[in-house]
Amino acid sequence: MDGKTFNRYIVVALFLWVVNIFGCTFTHGNLFLRDYAARRNINIGAAIMADYLEETEYTDIVVREFNLVVPENHLKWSYVHPEKDKYDFSAADKIIRFAQKNNLKVRGHALVWHKSLPKWLTPDCNDSEPNKVSYNKKELEDILEQHIKTVVTRYKGKIKYWDVVNEAFEGNDNSGELRRTFWYNILGKDYIEKAFIWAHEADKKAKLFINDFNIGERNLKSDALYEMIRDLKREGVPIHGVGFQFHLDTNKKPDFENIEANIKRFIGLGLEIQFTEIDVAICGEMTKEQLELQSEIYQGLINIALKYPQVTAFVTWGVTDKYSWLSRYAAEVLKSETFYGSGLLFDENYRKKPAYHAIQKSLNQ
Ligand code: G3I
0 MDGKTFNRYI
10 VVALFLWVVN
20 IFGCTFTHGN
30 LFLRDYAARR
40 NINIGAAIMA
50 DYLEETEYTD
60 IVVREFNLVV
70 PENHLKWSYV
80 HPEKDKYDFS
90 AADKIIRFAQ
100 KNNLKVRGHA
110 LVWHKSLPKW
120 LTPDCNDSEP
130 NKVSYNKKEL
140 EDILEQHIKT
150 VVTRYKGKIK
160 YWDVVNEAFE
170 GNDNSGELRR
180 TFWYNILGKD
190 YIEKAFIWAH
200 EADKKAKLFI
210 NDFNIGERNL
220 KSDALYEMIR
230 DLKREGVPIH
240 GVGFQFHLDT
250 NKKPDFENIE
260 ANIKRFIGLG
270 LEIQFTEIDV
280 AICGEMTKEQ
290 LELQSEIYQG
300 LINIALKYPQ
310 VTAFVTWGVT
320 DKYSWLSRYA
330 AEVLKSETFY
340 GSGLLFDENY
350 RKKPAYHAIQ
360 KSLNQ
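Just so we're aligned: 47 in numbering that gives the first Met the number 0 is position 48 of the sequence shown, and the numbers increase by one with no gaps anywhere.
Written out as structure tokens, the structure reads:
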């Protein structure tokens with residue numbers, strides 16, 4: 000090779016090296032989860048609270064890292080429908096305005112649930128006691144239809160996805176029974192299809208989801224959900240997707256092969272899939288090993304999500320451990336002596352955790 004050709008090779012090699020360096024700097028230096036996710040055609044989001052929208056550390060992360068938000072509580076009955084003939088959309092509107100200003104998609108949560116119901120509707124809104132019946136079937140049907148149509152119509156074109164029915168099945172993954180909720184007890188199981196029909200009548204373009212937990216793997220609960228959706232879709236009920244909540248913890252590492260096979264069968268029904276309320280609580284104490292296990296679980300989930308274009312959203316149930324529901328759940332429900340919490344991608348000081356980097360790595364493959 001003569002000297003001239005050799006020099007030309009050196010120049011080209013140098014040029015490619017410089018481009019690669021700048022290229023890497025640019026891509027890694029200024030990219031966030033939402034940028035990586037966009038390249039993989041999946042939405043990445045978080046549940047947010049209107050209470051924290053004045054906190055710049057909170058909103059900076061939401062706007063920078065996510066392209067989708069879901070009101071953690073502010074679209075629930077107790078917030079939007081505090082009295083029989085009164086709606087209060089102030090907090091929900093604040094979230095929608097924030098989302099629109101920052102070009103964030105919105106999931107609505109939840110049009111029908113047995114919790115967070117206002118006192119005028121059912122005095123004892125909880126699971127443990129059968130609620131006192133306040134209305135007969137026709138009255139309650141009219142109330143439910145009006146609620147759904149009022150709320151969905153208000154956010155028509157602004158809320159792209161709705162959790163129409165939330166947690167319709169018994170919590171235990173080996174039950175497979177429909178939960179005997181306030182709604183079921185008065186309206187019968189038809190409340191489910193009616194809710195979807197009414198939501199669809201209010202916004203034909205919204206994607207309507209049924210959302211639940213303990214359905215990630217094949218079990219009696221996910222089997223029962225699968226069969227119900229299959230039958231309802233055969234009847235033409237407008238159910239478009241399934242929300243897998245994925246409230247997990249480091250006590251039990253999921254069987255990812257089982258989850259993938261389960262997701263595939265729901266995809267086989269022509270459904271869109273979204274991972275809607277992801278958190279992976281640390282159990283026991285906050286050790287390096289626990290954080291690594293947490294990131295493995297997050298990575299296992301995102302890797303499944305990225306394999307199927309029908310999985311369209313990966314949503315954590317909160318932004319920062321500082322405001323996660325897990326703290327209160329551990330203290331008031333689990334009453335656990337040992338630590339249980341810190342389930343999100345950002346810690347209580349808004350620092351990225353290993354799980355954040357694990358997800359970023361998978362998104363960037
Ligand atoms: O905002 C009030 C506050 O003013 C008051 O001082 C305080 C004391 O009671 O309560 C605050 O409201 C609480 C609200 O969270 C906001 O923090 C409610 O009592 C409490 O019940 C509510 O809990 C929410 C729970 O759903 C019940 O609605 C959790 O934040 C929320 O993370 C949790 O989310 C659910 C999903 O909707 C469905 N899937 C399971 C998931 C976890 O339980």
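Each residue gets a CB set at the ideal place from its N, CA and C atoms; glycine is no exception.
| Asked | Found |
| --- | --- |
| Let me confirm a value: Leu32 is counted as buried when at least 16 other C-beta atoms fall within 10 Å, else exposed. Which label applies? | buried |
| Can you have a look at Ser89 and say buried or exposed, based on whether 16 or more other CB atoms are within 10 angstroms of its CB? | exposed |
| Indicate the three-state DSSP secondary structure (helix, strand or coil) for Phe21 in the structure shown. | Interpretation of Phe21 is limited by its pLDDT of 45, a score under 50 that renders its predicted location unreliable; the figure taken from the coordinates is listed afterwards. Helix, per DSSP. |
| Between the C-alpha atoms of Ile228 and Met48, what's the straight-line distance to the nearest angstrom? | 31 Å |
| Which value, in whole angstroms, describes the spacing of the CA atoms of Asn363 and Ile303? | 14 Å |
| Quick one: grab the DSSP three-state call for Thr315. | strand |
| Count the other CB atoms, across all protein chains shown, that sit within 10 Å of the CB of Val18; report buried if there are 16 or more and exposed otherwise. | Residue confidence is low: Val18 scores 41 on pLDDT, short of 50, so the model does not pin down where it sits. No coordinate-derived value is stated. |
| Use the C-beta contact count for Val332: other C-beta atoms within 10 angstroms, 16 or more gives buried, fewer gives exposed. | exposed |
| Out of curiosity, what's the CA-to-CA distance linking Ala45 and Ile158? | 15 Å |
| Can we count Glu71 as close to the ligand G3I, meaning its CB is less than 7 Å from some heavy atom? | yes |
| Over what stretch of residues does the alpha helix (DSSP H) that includes Phe181 continue unbroken? | Phe181 to Leu186 |
| Is it buried or exposed for Pro70, if we count other Cβ within 10 angstroms and need 16 for buried? | buried |
| Mind listing, in chain order, the continuous alpha helix (DSSP H) runs of no fewer than 4 residues lying wholly within the stretch 26-79? | 32-38, 55-64 and 76-79 |
| Within a Cβ cutoff of 7 Å, which residues of the same chain sit near Gln359, ignoring the five residues on either side of it in sequence? | Leu32 and Tyr35 |
| Kindly identify the DSSP beta-bridge partner or partners of Ile277. | Thr315 |
| With distances taken between CB atoms, is the gap from Ile258 to Ala198 smaller than 8 Å? | no |
| Reducing DSSP to helix, strand and coil, say where Lys161 ends up. | For the sequence presented, residue 161 should be read as Trp rather than Lys. Note: Trp161 maps to strand in three-state DSSP. |
| Under 8 Å, do Lys251 and Leu290 count as touching if we go by C-beta distance? | no |
| Please go through the stretch 287-349 and give each complete beta strand (DSSP E) segment of 3 or more residues, from N-terminal end onward. | 310-315 and 338-340 |
| Sorted by chain position, which residues of the same chain lie with C-beta nearer than 7 Å to Glu347's C-beta, five sequence neighbours on each side aside? | Thr319, Asp320 and Lys321 |
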